[in-house]
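This report refers to the structure that appears directly beneath it.
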Amino acid sequence: MVDGDHLQFNLTWMEQQFQAEGFLQRLLHLSAQVLAGTEQLSALSLQLPEEQAALAELPPPAYTQSSVIEVITAQAKATPQAIAVKDRHCQLSYAELDEQANRLAHYLATELHVQKGDNVALCLDANADFMVALLATPKTGACYIPVDPQYPAGRIRHILNDARARCIIAAQCSAAHIADIDTQKLFVDTEQAAITACPATAPHVAIGLDDPLYTIYTSGSTGLPKGATVSQRGELNLLRWYKREFAMSADDRVLIISATGFDLTQKNLLGPLCAGACVVFPEMEVYDPQ
Numbered sequence: 217m218v219d220g221d222h223l224q225f226n227l228t229w230m231e232q233q234f235q236a237e238g239f240l241q242r243l244l245h246l247s248a249q250v251l252a253g254t255e256q257l258s259a260l261s262l263q264l265p266e267e268q269a270a271l272a273e274l275p276p277p278a279y280t281q282s283s284v285i286e287v288i289t290a291q292a293k294a295t296p297q298a299i300a301v302k303d304r305h306c307q308l309s310y311a312e313l314d315e316q317a318n319r320l321a322h323y324l325a326t327e328l329h330v331q332k333g334d335n336v337a338l339c340l341d342a343n344a345d346f347m348v349a350l351l352a353t354p355k356t357g358a359c360y361i362p363v364d365p366q367y368p369a370g371r372i373r374h375i376l377n378d379a380r381a382r383c384i385i386a387a388q389c390s391a392a393h394i395a396d397i398d399t400q401k402l403f404v405d406t407e408q409a410a411i412t413a414c415p416a417t418a419p420h421v422a423i424g425l426d427d428p429l430y431t432i433y434t435s436g437s438t439g440l441p442k443g444a445t446v447s448q449r450g451e452l453n454l455l456r457w458y459k460r461e462f463a464m465s466a467d468d469r470v471l472i473i474s475a476t477g478f479d480l481t482q483k484n485l486l487g488p489l490c491a492g493a494c495v496v497f498p499e500m501e502v503y504d505p506q
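Here this note's numbering is used: the first residue of the sequence shown is 217, the next is one more, and so on.
Structural data, given as structure tokens:
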């Protein structure tokens with residue numbers, strides 16, 4: 217309601233549900249910052265003053281590894297024969313997954329000139345090949361972008377152009393769908409012999425905590441799809457909580473039924489591999505293609 221020079225809001229909320237979250241106090245805190253002239257969303261503080269004081273007293277998190285791929289590589293060395301990934305056609309041990317990812321990383325670097333700072337689109341179905349590509353990309357220092365092969369060609373084209381992707385990794389069955397997209401393409405099934413001939417050892421690429429790990433594009437329901445990038449540090453923090461919250465261990469099997477292009481799916485893909493567990497892709501079609 218507008219009354220002269222004043223703007224009045226009538227706020228209704230479910231008090232019992234949000235009381236523990238300090239809903240009203242938090243809204244007042246945000247409003248005060250906006251009225252004080254804060255113009256950037258990133259500059260707004262979501263924590264209440266007392267929460268900020270408590271956080272300031274906590275020691276900074278300690279990192280024994282500087283990247284997610286370093287954690288997974290260490291797990292592969294610790295449990296090389298354990299099954300890491302299983303789909304309807306095959307299963308890969310940790311050693312096999314790591315070696316295949318290393319070979320593909322070398323191929324990307326030598327043949328497609330992928331390097332640190334690049335973006336690589338993964339346009340593959342949810343299966344073991346997708347996981348190999350997902351791990352291979354950060355091994356080159358690049359940032360991976362999961363792209364569902366069922367996306368309309370126009371959406372895929374926009375994502376690749378917006379991200380300035382160095383290349384797109386796909387399967388030959390998707391060739392016709394992405395034929396008109398002007399980005400260099402790698403069809404992993406047709407180039408398998410050349411990829412297998414690459415070294416099985418990991419490329420020597422320094423990856424830091426603040427380097428990007430992956431970029432997820434929004435649905436674009438309010439306009440064009442927009443990319444949001446997650447850093448190694450951010451994902452390591454999330455995976456640390458994820459493993460602790462669900463007490464994940466090597467005995468666990470994690471079934472992937474959400475879309476690989478969904479942000480929260482990434483922890484379900486990477487978290488099990490950090491704990492020695494197994495990522496399982498279902499044998500049935502989860503979604504109706506129509």
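In this text, a Cβ means the ideal position worked out from N, Cα and C, and glycines have one as well. Computed from a predicted model, the values in this text were never measured in an experiment.
Residue i versus residue j - alpha carbon distance
| i | j | result |
| --- | --- | --- |
| R380 | N335 | 7 angstroms |
| N453 | L350 | 19 angstroms |
| Q197 | L489 | Because residue 197 is not part of the residues shown, which for the chain are 217 to 506, the question remains open. |
| S283 | P276 | 17 angstroms |
| A248 | A259 | 13 angstroms |
| Q331 | A413 | 20 angstroms |
| V470 | Q291 | 16 angstroms |
| A369 | S309 | 34 angstroms |
| T326 | T289 | 21 angstroms |
| L251 | Q366 | 45 angstroms |
Nearest-angstrom beta carbon gap, residue j and residue i [assumed within contact, 8 angstroms]
| i | j | result |
| --- | --- | --- |
| A337 | V301 | At roughly 20 angstroms, the Cβ-Cβ gap does not stay under 8 angstroms, so A337 and V301 are not in contact. |
| T434 | K442 | 5 angstroms |
| A418 | N343 | About 23 angstroms separates the two Cβ atoms, so there is no contact after all. |
| L271 | Q281 | Not quite, the Cβ-Cβ distance comes to about 24 angstroms (not below 8 angstroms), so this is no contact. |
| T295 | A466 | 6 angstroms |
Status (buried if at least 16 other CB within 10 Å, exposed otherwise) for residue i
| i | result |
| --- | --- |
| A278 | exposed |
| A392 | exposed |
| C359 | buried |
| C339 | buried |
| E312 | buried |
| R382 | buried |
| E499 | exposed |
| V404 | buried |
| E273 | exposed |
| F462 | exposed |
Minimum C-alpha distance to residue i - residue among the options
| i | options | result |
| --- | --- | --- |
| V495 | M347, A392 and F462 | M347 |
| I411 | H322, L240, A466 and H305 | H322 |
| I397 | E267, D303, I384 and G253 | I384 |
| C389 | L376, T406 and C414 | T406 |
| N226 | Q232, P265 and L240 | L240 |
| H245 | Q256, S261, G253 and Q233 | S261 |
| D479 | G450, A386 and V421 | G450 |
Close-in-space but distant-in-sequence residues of the same chain around residue i (CB under 6 angstroms, 5 per side omitted)
| i | result |
| --- | --- |
| E315 | A416 |
| D468 | A493 |
| T476 | A342 and P362 |
| L324 | V330 and T356 |
Cβ-based neighbour list, residue i, same chain, cut-off 8 angstroms, excluding 5 preceding and 5 following
| i | result |
| --- | --- |
| I285 | L351, P354, K355 and I423 |
| P428 | C359, T445, V446, S447 and Q448 |
| L455 | V284, V287, K483, L486, G487 and C490 |
Cβ-based neighbour list, residue i, same chain, cut-off 7 angstroms, excluding 5 preceding and 5 following
| i | result |
| --- | --- |
| K459 | G487, C490 and A491 |
| T399 | L376, A381, C383 and I384 |
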